[in-house]
Amino acid sequence: RYMVANRELHVGEEIITEMPFVIGPKACTYPLCLSCFTPWPLEPDDKPLCSKCGWPVCGEECENAPQHKDYECQVFAQANEKFNVDAALDGNSENGVPQLECITPLRLLLESERNVERWNKEVKDMEAHNKTRCQKSQWKSDQINIVDYLRKRLKLDRFSEEYIQTICGILEINTFEVRTAKGFSARGLYPTVAMMNHSCVSNTSHSISPIDYRIRLRTTLKIPAGGELYASYTHSLLPTILRREHLLEGKHFACACPRCSDPTELGTHMSSLKCNKCDNGIVLPLDSLGMTLYELHAPLLFLAKGQWNAGVIDEAKLKSKMIEAANILKEAVMILSLESSETSEGQIGLVAKESIIQLEQSINDL
């Protein structure tokens, strides 16, 4: 699915406003109030919990807020599942509090039952990338912290494992970061706005109200009738290699937009290196969509060993492919050795030299 203009759109024109289908804590979140998303507790000696379910809130007002009271509060109370305060505040929550991972998926599950018409029309067919996600470590983490927790601890086995994993995927791929009135971070699902495809040169921008979390979408360029609307799923000031890495890891696609495909990044030279030996020299990648030379040897080796294990190639062909990978690694070392050993590039070069020794030993052992 994607979004196109049905008429000519002018710069700065507001084209969509939308309320979130669901809003909740981000993945890997710190301890927070489940209503206003303020870090919890505000004071070390004051750890307020909801009187009905025993989960973190700021006080009575947040306890009675609909987005908590009408959703997870009822489920936790019915299952008699309490928040583990000691585990959440033990100082090891840098990667988030596992028990809080379930909150936003749970809200989306409950909303899918309560708002069936909008769910069927706007949300259920959103991309979840389950086939790709199931190969990642995050899938296993979601299985433990979300799927099993909801189905077993909270007794929500009316939802299948696949259904809950799809919910997790929809949230991972399609949510937008929102900010509260106090500046704290959460995430919201806006199904209509999320239909836009990505481009690192987007022609729209959005703003989200910290009061009611309504999103407003505006054009940043003139868009002709029939022209596609694009959003940016990553940070515009990152260079190509980091933008593509972020999109591949977080959104599960390899971006090949006009900016990523151009070694000069459309003349901005965000990824270019300035030569230190001349005034106007600029070093550009030969292929901005390709791998760096140092990275290339590893997939070549994995591919060759996989083919050999599967019986596709014989030992002689395996040795030939390993020699090819070694030669590529040697070329990378030659380039990296031009840098000082105190730089990160120089350090990579030293590691690569050790890798060559090990690789050549493996070749000789064949």
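Numbered according to the UniProt record's numbering, the sequence shown spans residues 1 to 366.
Idealized CB from N, CA, C, for every residue including glycine.
Keep in mind the model is a prediction, meaning the values are calculated, not measured.
Practice prompt. Verify whether the separation of the beta carbon atoms of I23 and G227 is less than 9 Å.
Written response: Position 23 of the sequence shown, counting from 1, holds the residue named residue 23. Position 227 of the sequence shown, counting from 1, holds the residue named residue 227. For I23 and G227, no; Cβs fall outside 9 Å.
Worksheet item: CA-CA distance, L301 and K136?
Response: The count along the sequence shown starts at 1 and reaches residue 301 at position 301. The count along the sequence shown starts at 1 and reaches residue 136 at position 136. Each residue's Cα considered, the two are about 21 Å apart.
Worksheet item: Can you tell which of L154, R214, E43, D46 has the C-alpha that lies nearest to the C-alpha of residue 372?
Response: The structure shown does not extend to residue 372, since the chain is modelled only from 1 through 366, so no value can be given for it.
Worksheet item: Taking the beta strand (DSSP E) that T219 falls in, what are its first and last residues?
Response: To locate residue 219, count along the sequence shown from 1; it is residue 219. Annotation for T219: the continuous beta strand (DSSP E) segment containing it runs 215 to 219.
Worksheet item: In whole angstroms, what separates the C-alpha of K321 from that of W308?
Response: Residue 321 sits at position 321 when you count from the first residue of the sequence shown. Residue 308 sits at position 308 when you count from the first residue of the sequence shown. Spanning the two alpha carbons is a distance of roughly 10 Å.
Worksheet item: Shortest alpha-carbon distance to L217 belongs to which of E13, T38, S236, A5?
Response: Against the sequence shown, residue 217 aligns to sequence position 217. The candidate whose alpha carbon is nearest that of L217 is E13.
Worksheet item: For the alpha helix (DSSP H) that R107 lies in, which residues bound it at each end?
Response: Here residue 107 refers to the residue found at position 107 when the sequence shown is read from its first residue. In the DSSP annotation of this structure, the continuous segment of the alpha helix (DSSP H) that includes R107 starts and ends at 103 to 114.
Discussion item. Excluding the 5 residues flanking V193 on each side, which residues of the same chain have their C-beta closer than 8 Å to its C-beta?
Written reply: Within the sequence shown, the letter at position 193 stands for residue 193. So the list reads I16, E18, F176, H206, I215, L217, A231, once near-sequence residues are dropped.
Discussion item. I335 and L293 - do their beta-carbons sit closer together than 9 Å?
Written reply: Taking the first residue of the sequence shown as 1, we reach residue 293 at position 293. Taking the first residue of the sequence shown as 1, we reach residue 335 at position 335. Taking 9 Å as the cut-off, the beta carbon of L293 is found closer than this to the beta carbon of I335.
Item to complete: Would you mind listing the beta strand (DSSP E) stretches within the region 119 to 206 that are 3+ residues and don't spill past its ends, in chain order?
Response: With a minimum length of 3 residues, the continuous beta strand (DSSP E) runs that stay inside the region 119 to 206 are 176 to 179, 185 to 189.
Worksheet item: What do you reckon, is the C-beta of Y213 under 8 Å from a heavy atom of the ligand PLP?
Response: Because no ligand of any kind appears in the structure shown, any question about the ligand PLP cannot be addressed here.
Item to complete: Can you give me the start and stop residues for the alpha helix (DSSP H) that E249 sits inside?
Response: In the sequence shown, counting from the first residue as 1, residue 249 sits at position 249. Note, E249: alpha helix (DSSP H), 240 to 250.
Worksheet item: Is the Cβ-Cβ distance between H252 and T343 less than 9 Å?
Response: As a first step, residue 252 must be located in the sequence shown, where it is residue number 252. As a first step, residue 343 must be located in the sequence shown, where it is residue number 343. Not in contact: H252 and T343 (Cβ atoms no closer than 9 Å).
Item to complete: Report back the beta-carbon spacing between E101 and A27 to the nearest angstrom; my notes put them in contact at under 8 Å.
Response: Stepping through the sequence shown from its first residue, residue 101 is reached at position 101. Stepping through the sequence shown from its first residue, residue 27 is reached at position 27. The C-beta distance from E101 to A27 rounds to 7 Å, short enough to fall under 8 Å.
Item to complete: From the DSSP output, in three-state form, read off G349 for me.
Response: As a first step, residue 349 is located in the sequence shown; it is residue number 349 there, counting from the start. The three-state secondary structure of G349, taken from DSSP, is helix.
Practice prompt. Note the first and the last residue of the continuous beta strand (DSSP E) segment covering V22.
Written response: In the sequence shown, counting from the first residue as 1, residue 22 sits at position 22. V22 -> beta strand (DSSP E) spans 22 to 24.
Item to complete: Please state whether DSSP places L273 in a helix, a strand or coil.
Response: As a working mapping, residue 273 is identified with position 273 in the sequence shown. In this structure, L273 counts as strand in the three-state DSSP scheme.
Worksheet item: Within 10 angstroms of its Cβ, does P224 collect 16 or more other Cβ (buried), or is it exposed?
Response: Translated into the one-based positions of the sequence shown, residue 224 becomes position 224. In summary, P224 is exposed, with fewer than 16 beta-carbon neighbours lying within 10 Å of its beta-carbon over all protein chains present.
Item to complete: Helix, strand or coil for Y294, going by three-state DSSP, please let me know.
Response: As a position in the sequence shown, residue 294 is number 294, starting the count at 1. The DSSP-derived three-state label of Y294 is helix.
Worksheet item: If S35 sits next to H10, beta carbons under 8 Å apart, how far is it from one beta carbon to the other, in whole angstroms?
Response: Here residue 35 corresponds to residue number 35 of the sequence shown, with the count starting at 1. Here residue 10 corresponds to residue number 10 of the sequence shown, with the count starting at 1. Contact flag wrong, Cβ pair sits at about 39 Å.
Item to complete: Along the alpha helix (DSSP H) that carries I328, what are the first and last residues, could you check?
Response: Locating residue 328 in the sequence shown gives position 328, where the first residue counts as 1. For I328, the enclosing alpha helix (DSSP H) stretches over residues 315 to 336.
Worksheet item: Between the C-alpha atoms of E360 and A326, what's the straight-line distance to the nearest angstrom?
Response: Within the sequence shown, residue 360 is the residue found at index 360, counting from 1. Within the sequence shown, residue 326 is the residue found at index 326, counting from 1. Between the C-alpha atoms of E360 and A326 there is a straight-line separation of about 7 Å.
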